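Participant: Sharing a structure, written as structure tokens. Questions coming.
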Amino acid sequence: MELELRGITKRFPGVVANDDVNLTIRTGEVLALVGENGAGKSTLMNIMYGLYHADEGQIFVDGQPVTFESSGDAIAAGIGMVHQHFMLVPVFTVAENVVLGVEPTTGPFGKLDVAQANRQVEEISSKYSLHLDPAALVEALPVGIQQRVEILKVLFRDAEIVVFDEPTAVLTPQEIEEFFNIVESLKASGRGIVFITHKLTEALRVADRISVLRRGKTVGEADPKEIDEVGLAELMVGRPVQLVVDKAPAQPGDAVLSVDQMHVVDPTGRTLVDHVSFNVHAGEIVGIAGVQGNGQTELVEAITGLRDVITGSIHLDGTDITHASPREVHSAGVAHIPEDRQRAGLVGDFSVAENMVLTTYHDDIYSSGVTMDWPKARSVATELVEQYDVRTPSIQTPAGTLSGGNQQKVIVARELSRDLRLVVASQPTRGVDVGSIEYIHAQVVKARDEGAAVLVVSTELDEVMALADRVIVMYRGRIIANLQRDDATHSDVGLYMAGSKTQPETSSTSSRATSTTFREASS
Amino acid sequence: MTDTATAPTGSPGDAPDGQYSANLASRICARIDTTNAVVLPLLALVSALVIGVFVIGLSDIDKIRDGDIGGILITIKDAYLALPQGAFNGWRPVNETIVATTPLLLAGLAVAVTFRAGLFNIGGTGQMLMGGMGAIFVGFSMNGPGIIQVSLGVLAGMVLGMAWGIIPGLLKARAGVHEVIATIMLNLIAGSLVLWILKTDAFGREGRNDPISKLVTSEGKLPRLFGFLDRPELRAHIGFLIAIAAAFFFWWLLERTTLGFEIRAQGANSHAARYAGMKPETLMVLSFVIAGGFAGLAGASEVLGTQGRATQGFAGDIGFDAIAVALLGRSTPTGTVLAAFLFGALQAGGQKMQVDTGVPVDLVLILRGLIVLFIAAPLLMKAIFRIKAEGAAAGPSFGGWGA
Numbered sequence: 003m004e005l006e007l008r009g010i011t012k013r014f015p016g017v018v019a020n021d022d023v024n025l026t027i028r029t030g031e032v033l034a035l036v037g038e039n040g041a042g043k044s045t046l047m048n049i050m051y052g053l054y055h056a057d058e059g060q061i062f063v064d065g066q067p068v069t070f071e072s073s074g075d076a077i078a079a080g081i082g083m084v085h086q087h088f089m090l091v092p093v094f095t096v097a098e099n100v101v102l103g104v105e106p107t108t109g110p111f112g113k114l115d116v117a118q119a120n121r122q123v124e125e126i127s128s129k130y131s132l133h134l135d136p137a138a139l140v141e142a143l144p145v146g147i148q149q150r151v152e153i154l155k156v157l158f159r160d161a162e163i164v165v166f167d168e169p170t171a172v173l174t175p176q177e178i179e180e181f182f183n184i185v186e187s188l189k190a191s192g193r194g195i196v197f198i199t200h201k202l203t204e205a206l207r208v209a210d211r212i213s214v215l216r217r218g219k220t221v222g223e224a225d226p227k228e229i230d231e232v233g234l235a236e237l238m239v240g241r242p243v244q245l246v247v248d249k250a251p252a253q254p255g256d257a258v259l260s261v262d263q264m265h266v267v268d269p270t271g272r273t274l275v276d277h278v279s280f281n282v283h284a285g286e287i288v289g290i291a292g293v294q295g296n297g298q299t300e301l302v303e304a305i306t307g308l309r310d311v312i313t314g315s316i317h318l319d320g321t322d323i324t325h326a327s328p329r330e331v332h333s334a335g336v337a338h339i340p341e342d343r344q345r346a347g348l349v350g351d352f353s354v355a356e357n358m359v360l361t362t363y364h365d366d367i368y369s370s371g372v373t374m375d376w377p378k379a380r381s382v383a384t385e386l387v388e389q390y391d392v393r394t395p396s397i398q399t400p401a402g403t404l405s406g407g408n409q410q411k412v413i414v415a416r417e418l419s420r421d422l423r424l425v426v427a428s429q430p431t432r433g434v435d436v437g438s439i440e441y442i443h444a445q446v447v448k449a450r451d452e453g454a455a456v457l458v459v460s461t462e463l464d465e466v467m468a469l470a471d472r473v474i475v476m477y478r479g480r481i482i483a484n485l486q487r488d489d490a491t492h493s494d495v496g497l498y499m500a501g502s503k504t505q506p507e508t509s510s511t512s513s514r515a516t517s518t519t520f521r522e523a524s525s
Numbered sequence: 118m119t120d121t122a123t124a125p126t127g128s129p130g131d132a133p134d135g136q137y138s139a140n141l142a143s144r145i146c147a148r149i150d151t152t153n154a155v156v157l158p159l160l161a162l163v164s165a166l167v168i169g170v171f172v173i174g175l176s177d178i179d180k181i182r183d184g185d186i187g188g189i190l191i192t193i194k195d196a197y198l199a200l201p202q203g204a205f206n207g208w209r210p211v212n213e214t215i216v217a218t219t220p221l222l223l224a225g226l227a228v229a230v231t232f233r234a235g236l237f238n239i240g241g242t243g244q245m246l247m248g249g250m251g252a253i254f255v256g257f258s259m260n261g262p263g264i265i266q267v268s269l270g271v272l273a274g275m276v277l278g279m280a281w282g283i284i285p286g287l288l289k290a291r292a293g294v295h296e297v298i299a300t301i302m303l304n305l306i307a308g309s310l311v312l313w314i315l316k317t318d319a320f321g322r323e324g325r326n327d328p329i330s331k332l333v334t335s336e337g338k339l340p341r342l343f344g345f346l347d348r349p350e351l352r353a354h355i356g357f358l359i360a361i362a363a364a365f366f367f368w369w370l371l372e373r374t375t376l377g378f379e380i381r382a383q384g385a386n387s388h389a390a391r392y393a394g395m396k397p398e399t400l401m402v403l404s405f406v407i408a409g410g411f412a413g414l415a416g417a418s419e420v421l422g423t424q425g426r427a428t429q430g431f432a433g434d435i436g437f438d439a440i441a442v443a444l445l446g447r448s449t450p451t452g453t454v455l456a457a458f459l460f461g462a463l464q465a466g467g468q469k470m471q472v473d474t475g476v477p478v479d480l481v482l483i484l485r486g487l488i489v490l491f492i493a494a495p496l497l498m499k500a501i502f503r504i505k506a507e508g509a510a511a512g513p514s515f516g517g518w519g520a
């Protein structure tokens with residue numbers, strides 16, 4: 003089967019998401035579709051999957067023009083999609099999820115034929131070595147396994163071309179390896195794979211062909227054997243990009259942040275952060291690695307005052323901030339770049355100027371206590387927009403209409419343009435284009451070099467390894483490794499992230515570190 | 118999906134540097150999403166009037182039976198001419214429009230301020246009733262001097278409205294009670310409380326068994342706007358000026374104060390507000406207190422200005438019509454003023470329409486209902502008028518049950 007998109011154009015108000023895009027996908031090969039966030043990758047795939055309709059252009063299957071009115075038509079034509087966010091019913095079994103919508107039934111009243119479903123699922127599972135138990139409940143499965151359920155769903159519907167939308171975002175390095183093996187076996191079975199990603203190493207690793215989208219246009223097709231990461235990044239961004247973070251060795255000073263035996267639970271009493279202890283010193287970047295959902299989010303919320311700490315303590319420069327409010331933490335010189343900028347970091351309907359003062363509006367320079375000095379706020383915002391290279395039509399533009407990278411720059415500008423003791427940056431470059439990543443990383447390093455303690459939390463191991471002077475790995479709410487950057491290898495950290503390796507001396511080192519701090523603090 | 122959600126800026130990088138200091142006009146335009154803020158309400162009005170044509174036609178059942186199409190068309194024409202005439206053509210109509218607009222505007226602000234905070238205040242009626250009780254007490258128990266008595270009466274109305282308004286705010290902030298439930302219940306409680314109060318000797322009029330208060334003394338009444346013309350039928354009073362001042366205060370609060378910034382942030386993105394160190398619970402309580410103050414003023418204006426006494430039902434449906442006003446005005450200060458004027462004018466014009474053409478005044482209620490229905494269904498409006506859809510993401514900014 004050959005699927006061809008010819009001259010696809012899709013416009014949304016104010017933006018051309020796809021502009022005369024051409025793409026051919028053949029069975030038996032892996033096509034990587036790379037591009038920055040907002041380049042139009044997802045729009046293109048949604049058109050291919052019948053969720054959007056192209057304003058111009060035509061889709062051909064084996065040379066015949068086709069129209070997909072809905073995803074049902076696309077599925078019927080042999081196209082399957084594994085979404086970035088899984089579409090599974092957590093309380094259903096694997097088999098129930100797989101057959102959902104095309105259930106095998108028995109008897110006159112259409113009773114679900116569970117045995118038949120299990121058998122079919124088992125069959126496909128073993129054929130592609132997915133190792134899935136048809137009777138397992140989906141909610142009990144790790145994310146990497148849940149993804150396989152999604153894959154199985156697609157295979158169950160006889161997809162000849164399988165589209166993966168950012169499939170590795172939620173996986174551990176080891177799960178990513180296994181995922182690539184599955185991709186290989188799908189390819190070997192004669193299926194066509196479309197692999198949407200912004201991670202260039204992965205595209206280079208797994209693809210037979212790479213198509214690059216930039217601002218809605220196909221700007222090039224590359225052979226992974228002939229291009230390297232730097233060349234691909236340049237093609238994607240449209241200018242030379244520095245991929246390695248440029249930083250001098252750390253000059254750690256006194257401990258600024260001391261977390262001691264901190265314990266956090268959710269409202270039902272389930273442990274989220276399990277007696278965690280660590281220090282972050284001035285002039286040092288500590289990176290917290292871990293697969294999403296292992297307590298990093300809650301750790302950051304606890305430090306920044308957004309979540310209650312049950313036991314243990316948090317000290318900033320020796321001052322107890324365990325139960326401080328977000329405002330108090332912020333005023334003590336803590337910058338917080340939150341993990342979900344659209345949910346927490348910005349008010350999308352507010353202008354860039356208003357967002358620039360979102361956490362500082364109450365400061366004396368902007369506020370008399372009752373009224374706001376908006377002219378002052380606007381002039382500061384204008385400066386920050388310039389200084390931090392925020393690309394916006396004006397400071398009155400609603401922040402929600404900016405690209406992901408520019409939204410993040412607004413937050414970075416707001417949070418880092420103060421006198422700081424500690425920077426807490428959570429997923430600082432998630433969904434941010436390569437060019438902005440480079441810039442944001444440089445700003446984080448700059449904050450370190452100016453003497454702030456920096457805590458970077460990222461689920462992207464590459465980001466942690468690039469930025470950190472020290473690497474902490476979290477697994478199931480606990481710190482299971484605390485390593486100097488030079489002692490940390492990709493594969494080791496990956497094993498820690500997966501929980502398949504532990505650092506026996508962790509607890510002793512961290513408690514020793516903590517006790518030192520308290521001596522420092524009290525002296 | 119993320120591609121479409123985050124990228125509708127075209128290529129801002131190409132903008133010349135000097136553009137940050139853009140001129141006033143473009144700054145205002147950047148503020149107003151024209152499609153949503155201006156065009157949609159207007160289209161809703163037009164759509165409602167179009168459907169109203171059929172309602173008027175159907176209401177004249179005799180002419181339909183006779184097949185008198187020409188007669189029906191004349192009725193429709195007369196009715197739609199009577200509406201603006203009854204609202205604006207002369208001193209008396211203008212006064213009636215002002216009288217109808219005043220409580221709608223004040224109560225509309227009471228709903229709008231909570232919408233902006235991401236909350237839904239259905240309690241306008243209860244807050245008005247309680248405010249009215251405070252105002253009427255000052256109104257009949259003193260007799261001048263006017264300036265002091267009127268100020269005290271208005272103040273009492275505002276304070277009691279605030280006191281009633283703080284209850285749902287506290288219930289929500291402290292106990293997580295949904296404000297819609299709380300305010301509906303408080304409306305019922307306020308209704309019963311007023312019934313009881315009006316039957317007490319302190320409030321009730323001597324010699325009357327029905328729940329009606331003593332009359333406001335002549336000094337305690339809100340001065341009439343056009344008193345100098347010496348025409349007693351011109352009923353408009355300074356409650357209207359209070360309402361306009363309240364609208365101005367609402368604008369100042371939202372655009373010029375730190376509290377307003379916090380309220381807007383809380384309403385637009387409560388997660389970001391919490392992240393930014395704002396206190397959601399405090400903001401809930403404060404916005405309900407402010408709302409209660411607006412509604413209390415509406416109650417004071419009704420009993421001290423328009424009616425000169427309080428009855429059990431003096432607040433009527435104003436507390437609910439106010440929701441429509443706030444929705445139509447998209448909870449902006451200017452929008453709420455304009456929407457209140459529209460509804461006030463429809464109400465004043467509706468009286469004349471009924472007298473002149475026999476079309477029942479209920480048509481006005483139908484028109485209002487239709488307008489709100491269309492406002493509440495922006496996607497429907499966009500489909501009807503083929504406005505380029507901006508996607509569901511471009512929908513309303515207040516959370517919960519807002520516009």
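Chain order of the listed sequences is E and D.
Residue numbers for the first sequence follow the working numbering, beginning at 3 and rising by one.
Residue numbers for the second sequence follow the working numbering, beginning at 118 and rising by one.
Glycine included, every Cβ here is placed at the ideal spot set by N, Cα and C.
None of these values were measured; they are calculated from a predicted model.
1. Please report the straight-line C-alpha distance between ILE431 (chain D) and GLU419 (chain D), rounded to a whole angstrom.
2. State yes or no: is the beta carbon of THR375 (chain D) nearer than 8 Å to at least one beta carbon in chain E?
3. To the nearest angstrom, how far is the alpha carbon of GLN398 (chain E) from that of GLU379 (chain D)?
4. LEU315 (chain D) and ILE306 (chain D) - do their beta-carbons sit closer together than 8 Å?
5. Between ASP451 (chain E) and chain D, is any beta-carbon pair separated by less than 8 Å?
6. Touching or not, the segment 245-264 of chain E and the segment 407-422 of chain E, by the rule of three or more beta carbon pairs under 8 Å?
7. Here's the rule: buried if 16 or more other CB atoms are within 10 angstroms of the residue's CB, otherwise exposed. What is ALA190 (chain E)?
8. State buried or exposed for THR203 (chain E), treating a residue as buried only when at least 16 other CB atoms are found within 10 Å of its CB.
9. List the residues of chain E that GLY394 (chain D) touches, going by C-beta distances under 9 Å, in chain order.
10. Kindly list the residues whose CB is nearer than 7 Å to the CB of ILE173 (chain D), restricted to its own chain and excluding five residues on each side of it in sequence; keep chain order.
11. Considering Cα atoms alone, identify which of D:GLY188, D:PHE232, D:LEU246 is closest to GLN429 (chain D).
12. I'd like to know whether the C-beta of ALA385 (chain D) is nearer than 8 Å to at least one C-beta of chain E.
13. Candidates E:VAL267, E:HIS283, E:VAL302: which alpha carbon is nearest ASP276 (chain E)'s?
14. Please state whether the Cβ-Cβ distance between VAL165 (chain E) and GLY82 (chain E) is less than 8 Å.
15. Under 8 Å Cβ to Cβ from ASP131 (chain D), same chain only, skipping five residues before and after it: list those, please.
16. CA-CA distance, THR399 (chain D) and PRO106 (chain E)?
17. Select from the segment 72-92 of chain E all residues with a C-beta closer than 7 Å to any C-beta belonging to chain D, and list them in chain order.
18. Beta carbon of LEU35 (chain E), beta carbon of ASN24 (chain E): below 8 Å?
19. Let me know the secondary structure DSSP gives GLY324 (chain D) once reduced to three states.
20. Taking a contact to mean a Cβ-Cβ separation below 8 Å, would you say ILE316 (chain E) touches VAL243 (chain E) in this structure?
21. With a threshold of 8 Å between beta-carbons, can ILE10 (chain E) be considered close to chain D, or not?
22. Please state the DSSP three-state secondary structure of CYS146 (chain D).
23. Does the Cβ of PHE171 (chain D) have 16 or more other Cβ atoms within 10 Å, making it buried, or fewer, making it exposed?
24. According to the Cβ coordinates, are VAL459 (chain E) and GLN294 (chain E) closer than 8 Å?
25. Along chain D, which residues have their Cβ under 9 Å away from the Cβ of SER369 (chain E)?
26. Beta-carbon of ARG391 (chain D) versus every beta-carbon of chain E: anything under 8 Å?
27. Strictly below 8 Å CB to CB, what residues from chain D border THR373 (chain E)?
28. With DSSP collapsed to three states, give me the class of GLY475 (chain D).
29. Would you decide whether PRO377 (chain E) is buried or exposed? Buried here means 16 or more other CB atoms lie within 10 Å of its CB.
30. Report the option in E:GLU4, E:GLN149, E:GLU462, E:GLU141 whose CA atom is closest to the CA atom of GLU341 (chain E).
31. Grab me the residues of CYS440 (chain D)'s own chain with a C-beta within less than 6 Å of its C-beta, minus the 5 sequence neighbours each way, in chain order.
32. Looking at the structure shown, is GLN66 (chain E) part of a helix, part of a strand, or coil, going by DSSP?
33. So what does DSSP say about LEU318 (chain E), is it helix, strand or coil?
34. Are the CB atoms of GLN86 (chain E) and GLY9 (chain E) nearer to each other than 8 Å?
35. Hey, is ARG216 (chain E)'s beta-carbon within less than 8 Å of any beta-carbon in chain D?
Facilitator: Looking at the coordinates:
1. One point to set straight first is that residue 431 (chain D) is Phe, not Ile, in the sequence displayed. Answer to the nearest angstrom: the Cα atoms are 8 Å apart.
2. Output row for THR375 (chain D): interface = yes.
3. If I take the Cα positions, the gap works out to 18 Å.
4. Not in contact: ILE306 (chain D) and LEU315 (chain D) (Cβ atoms no closer than 8 Å).
5. For ASP451 (chain E), the nearest beta carbon of chain D is not closer than 8 Å to its own beta carbon.
6. Two segments are said to touch when three or more pairs of C-beta atoms, one from each, lie closer than 8 Å; by this definition the segment 245-264 of chain E does not touch the segment 407-422 of chain E.
7. By the 10 Å Cβ count, ALA190 (chain E) comes out exposed.
8. Classification for THR203 (chain E): exposed.
9. In chain order: GLY307, SER327, PRO328, ARG329, GLU330, VAL331, HIS332, SER333, THR361, HIS364.
10. The residues are THR192, ILE193, ALA196, VAL476, LEU480.
11. Answer by Cα proximity: D:LEU246.
12. At a cut-off of 8 Å, the C-beta of ALA385 (chain D) has a neighbouring C-beta in chain E.
13. When each option's Cα is compared against that of ASP276 (chain E), the closest is E:VAL267.
14. Taking 8 Å as the Cβ cut-off, VAL165 (chain E) and GLY82 (chain E) qualify as a contacting pair.
15. At ASP131 (chain D), the pLDDT of 35 sits below 50, so the modelled position is not reliable and the matter cannot be decided from this model.
16. In this structure, the CA atom of THR399 (chain D) is about 55 Å from the CA atom of PRO106 (chain E).
17. Of all residues in the segment 72-92 of chain E, none has a Cβ within less than 7 Å of some Cβ in chain D.
18. Their beta carbons are not under 8 Å apart, which means LEU35 (chain E) does not touch ASN24 (chain E) by this criterion.
19. Of the three classes helix, strand and coil, the one that applies to GLY324 (chain D) here is coil, per DSSP.
20. Not closer than 8 Å, so no.
21. Chain D has no Cβ within less than 8 Å of the Cβ of ILE10 (chain E).
22. Its pLDDT being 42, under 50, CYS146 (chain D) is placed unreliably by the model, and the measurement read from it follows with that caveat. Secondary structure at CYS146 (chain D): helix, using DSSP grouped into helix, strand and coil.
23. Per the 10 Å Cβ criterion, exposed.
24. When the beta-carbon positions are compared, VAL459 (chain E) and GLN294 (chain E) stay at least 8 Å from each other.
25. Chain D residues near SER369 (chain E): THR374, THR375, PHE378.
26. Cβ-Cβ to chain E under 8 Å: yes for ARG391 (chain D).
27. For a Cβ distance threshold of 8 Å, residue set ARG373, THR374, THR375 of chain D lies close to THR373 (chain E), ordered along the chain.
28. The three-state reading of DSSP puts GLY475 (chain D) in coil, since its state is none of H, G, I, E or B.
29. The residue is exposed, with fewer than 16 neighbouring Cβ atoms inside 10 Å.
30. When each option's Cα is compared against that of GLU341 (chain E), the closest is E:GLU462.
31. It is Ile, not Cys, that sits at residue 440 (chain D) in the sequence shown. Non-local beta-carbon contacts of ILE440 (chain D) in its own chain, meaning distances under 6 Å to residues more than five positions away in sequence, involve VAL228 in chain order.
32. Three-state result, GLN66 (chain E): strand.
33. In the structure shown, LEU318 (chain E) sits in a strand (DSSP, three-state: E or B).
34. Taking 8 Å as the cut-off, the beta carbon of GLN86 (chain E) is found no closer than this to the beta carbon of GLY9 (chain E).
35. So no, ARG216 (chain E) is outside the interface.
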